[in-house]
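Structure first, commentary second.
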Amino acid sequence: WQPTHLFADWFLDPDELAGKFNSKTKAIIINTPNNPIGKVFTKDELQMIADLCIKHDTLCFSDEVYEWLVYRGHQHVKIATLPGMWDRTVTIGSAGKTFSVTGWKLGWSIGPEQLMKHLQTVMQNSLYTCPTPLQEAVAQGLLLNYELMDQPECYFTSLADELEGKRDRLADIVEEAGMTPVIPEGGYFMLVDVTALNQDLSHMDEDEAYDYKFVKWMIKEKKLAAIPVTAFVGEESTKDFEKYIRLCFIKQDSTLDAARSILKSWTKV
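Numbering (UniProt numbering), first residue to last: 1 to 269.
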């Protein structure tokens, strides 16, 4: 198959981004690999952000919870590794995403001491206790997999290899149903453009964005679940994204089989 959308179409406009920074800008939050669009920021893109952070003395909070789920042809770069960025960056990781145990609400932040001490204060006054047994399990998992790095048994790499096949399979499925997949470079979500279906939803709540109405209709009529993409954007961007839904492909093959069966029999209601 040949995907209609590639991630060359998704980028930060340098002039627009620079225009968002000034002497009052305290911090920027970035997310790579990105949820929901699946974009993996290139080193050049991260350098552009880093240059602005340094110029305006701005902190950077880098959400990298999908750092190990990067597909062939792409590479995860930590913005904290770029010159001048370690002292101003807090990097966020997730045990739930790394080891596919999202029910374990456990993660970590990495950064310089002068920033971490403030995070420690916030955490101390936000949480009563930590799940110590889970922390120990995650620590052992990290140690084991670092020792196995670049070997077939390493979970960090084997999961990405497995999910790349599921990603490509889901892309085939939605294309067969007349929708357009946006092929993710990382993570386990896929945006799907449903414009071509031209589904009439005029009988539903007029105050809701089209994607909200579409996913409610799809759950009720097709028994297939998705997330409306406008849930992730501001009001000014709703019109740009309301014809997209987000699907998840970190699923058993039997679930993907069921999705294919549903979409094969797709009819307008």
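All C-beta atoms, glycine included, are put in the ideal place defined by N, C-alpha and C. Please read all numbers here as calculations on a predicted model, not as lab measurements.
By the CB criterion at 8 Å, Asp87 and Pro112 fall inside the cutoff. For secondary structure counted as the alpha helix (DSSP H) over 4 or more consecutive residues, the segment 124-153 holds these complete runs in sequence order: 132-147. Per the DSSP secondary-structure output, Ala160 pairs with nothing in a beta bridge.
The C-beta separation of Tyr71 from Ala160 comes to about 6 Å, placing the pair in contact by the 8 Å criterion.
In the pairwise beta carbon analysis, the segment 159-176 is classified as not touching the segment 14-34: fewer than three pairs are separated by under 8 Å. At the C-beta level, Leu69 and Tyr244 stay beyond 8 Å of one another. The shortest C-alpha to C-alpha distance from Tyr66 to any of Pro152, Ser23, Thr98, Leu115 is the one to Thr98. Around the beta-carbon of Met123, fewer than 16 other beta-carbon atoms lie within 10 Å, marking it exposed.
Boundaries of the alpha helix (DSSP H) around Gly96: 95-98. In the three-state reduction of the DSSP assignment, Phe241 falls in the helix class, which pools H, G and I. If you check the CB distance, Thr58 and Phe21 come in under 8 Å. Restricting attention to Ser100, Val101, Gly107, Gln252, the CA atom closest to the CA of Gly93 is found in Gly107. Per DSSP, the beta-bridge partners of Ser62 are Ile30, Thr91. For Gly19, there is no enclosing beta strand (DSSP E); the residue is part of the alpha helix (DSSP H) that begins and ends at 14-19. With a cut-off of 8 Å on Cβ pairs, the segment 220-229 is in contact with the segment 242-259, counting three or more such pairs. For Ser109, the uninterrupted beta strand (DSSP E) segment begins and ends at 107-110. By the neighbour-count criterion, in which a residue is buried when 16 or more other Cβ atoms sit within 10 angstroms of its Cβ, Ala259 is buried. Taking a cut-off of 8 Å on C-beta distances, the segment 176-192 touches the segment 23-36, as three or more cross pairs fall below it. Gln75 and Glu206 have their C-alpha atoms some 42 Å from each other. DSSP, reduced to helix, strand and coil, places Asp57 outside both helices and strands of the structure shown, so it counts as coil. If you look at Phe214, you'll find it in the alpha helix (DSSP H) that goes 210-222. CA-to-CA, the gap between Met204 and His118 works out to about 47 Å. When DSSP states are grouped into helix, strand and coil, Ile183 belongs to the coil group. With 16 or more other Cβ atoms from the protein chains shown falling within 10 Å of its own Cβ, Ile173 counts as buried. Selection Thr42, Ala196, Ala177, Pro181 evaluated against Met190 yields Pro181 as nearest (Cα-Cα).
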